[in-house]
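Structure first, then comments.
In this note's numbering, the protein residues as written are 516 to 887.
Set out below in structure tokens:
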């Protein structure tokens, strides 16, 4: 098949879970003999690669502002795809792009969309953006031939609240990945099993500030590594840095070997987010054999099952601090949760199996069989 992956920032993956998903799914589809094209935003990716890991990359312009970047780029790419690429199926990402899936169909190209979590609930958007996103989320299954949700929680929401069936396809994780020997930890002033790790965009709903506050009252010699960044969130990040004590290390973005080394050597891995569906960093942390601690947001609890610890979001930093203290005082439990997390990731969150599901759905849609 000729398959286009569209709606993300592009490759190589260097920002969020959607880009990582596109890279992992796209390269596996290409290795299976499909012709895969990925559209990229020039200002969001490093380098210009005509082909990357078997995928054709196409760079097209956009309006690089907070509210127009994604939609303008996806529109331009959809028109280019129809005029120049003519794939058998287009796979879109991000619920806000759902109107473009309708345009794709009008132009004769079957479309699939992965809506991820409910982006309209993110604090970074103003009132008008949230209204648009709610409309786009609700109508995604009506616009596209098939809609993907990566959590059962979100799948139930679409069924119960919106009256639409969606396809559940999990997010994947890299298993059995070789990890470098420690130079990245040393560069950041960290030691194996001597730090608590947070990875994510530094925006309010991911609650890095809750973890910083919880850590401030925690009696421990461990450090806290905050990995991530975000455009258009400078004020939040300034406040986060002001609240951090001397044990907190803010590393900025870390990818590739550096990210894997950080993930494999943490004492505890905290996912404090309160919005969205399946969070990629959580699945990746489990695959890396971490003891994970999550906000009791329902999709987080769904992902970890009994292979991690939760804290009550309603209690904020106080509840998180208590759970962290309990785990640090019980190394035997921590080790049991490490093993359970790795086993659960292996059983449920494999990129190869995720790619199987995308490939099967793409064949159905390209063959004229709409999903639920």
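From the three backbone atoms N, C-alpha and C, an ideal C-beta is built for every residue, glycine too.
When the beta-carbon positions are compared, residue 647 and residue 667 stay at least 9 Å from each other. In the three-state reduction of the DSSP assignment, residue 567 falls in the strand class. DSSP, reduced to helix, strand and coil, places residue 611 within a helical segment of the structure shown. Leaving aside the five residues that flank residue 859 on each side, the residues in its chain whose CB is nearer than 8 Å to its CB run, in chain order, 801, 819, 820, 822. Under DSSP, residue 712 shares a beta bridge with 740, 784. A residue is called buried when at least 16 other Cβ atoms come within 10 angstroms of its Cβ; residue 738 meets this threshold and is buried.
Residue burial annotation: residue 660 is buried, with at least 16 other C-beta atoms found within 10 angstroms of its C-beta. Exposed is the label assigned to residue 736, since fewer than 16 other Cβ atoms lie within 10 Å of its Cβ. Membership of residue 805 in any beta strand (DSSP E) is not indicated, and neither H nor E is assigned to it by DSSP.
The DSSP-derived three-state label of residue 624 is coil. Residue 686 sits in coil when the DSSP states are folded into three classes, being neither helix nor strand.
Residue 647 is bridged by DSSP to nothing; it lacks a bridge partner. By the Cβ neighbour-count rule, residue 846 is exposed, with fewer than 16 other Cβ atoms within 10 Å of its own.
Between residue 742 and residue 777, the C-beta gap is smaller than 9 Å, which places the two residues in contact. Take the alpha-carbon of residue 872 and the one of residue 627: they are about 13 Å apart. Taking a 10 Å sphere around the C-beta of residue 621, we find fewer than 16 other C-beta atoms and assign the residue as exposed.
The beta carbon of residue 729 lies closer than 7 Å to those of 832, 835, 836, 839 in the same chain, with the five residues before and after it left out. For the pair residue 723 and residue 787, the CB atoms are nearer than the 9 Å cut-off. Per the C-alpha coordinates, the member of 828, 611, 746, 854 positioned closest to residue 522 is 611.
Around the beta-carbon of residue 794, 16 or more other beta-carbon atoms lie within 10 Å, marking it buried. Looking from the CA of residue 694, the closest CA among 630, 524, 770 belongs to 770. Here the C-alpha atom of residue 602 lies approximately 16 Å from the C-alpha atom of residue 875. One alpha carbon belongs to residue 551, the other to residue 594, and they sit about 17 Å apart. When beta bridges are read from the DSSP output, residue 663 appears opposite 629, 682.
A straight-line Cα-Cα distance of about 22 Å links residue 716 and residue 554.
Cβ neighbours of residue 617 within its own chain (closer than 6 Å, five residues either side excluded): 658. Of the residues assessed, residue 583 falls on the exposed side of the cut-off, its CB having fewer than 16 other CB atoms within 10 angstroms.
The beta carbons of residue 773 and residue 699 sit closer together than 9 Å.
Spatial neighbours of residue 799 in its own chain (CB-CB distance under 6 Å, excluding positions within 5 residues in sequence) are listed in chain order as 688. Minimum Cα-Cα distance from residue 669 among the listed residues 812, 857, 882 corresponds to 812.
Within the same chain, Cβ atoms closer than 6 Å to the Cβ of residue 520 are found at 537, 541, 553, 606, the five residues on either side in sequence being excluded. By the neighbour-count definition (other C-beta atoms within 10 Å, threshold 16), residue 656 is a buried residue.
Shortest Cα-Cα distance from residue 615 to any of 532, 599, 651 involves 651.
Straight-line spacing of the CA atoms in residue 673 and residue 791 works out to 13 Å.
Within its own chain, the residues whose Cβ lies closer than 6 Å to the Cβ of residue 629, once the five positions on either side in sequence are excluded, are 608, 663, listed in chain order.
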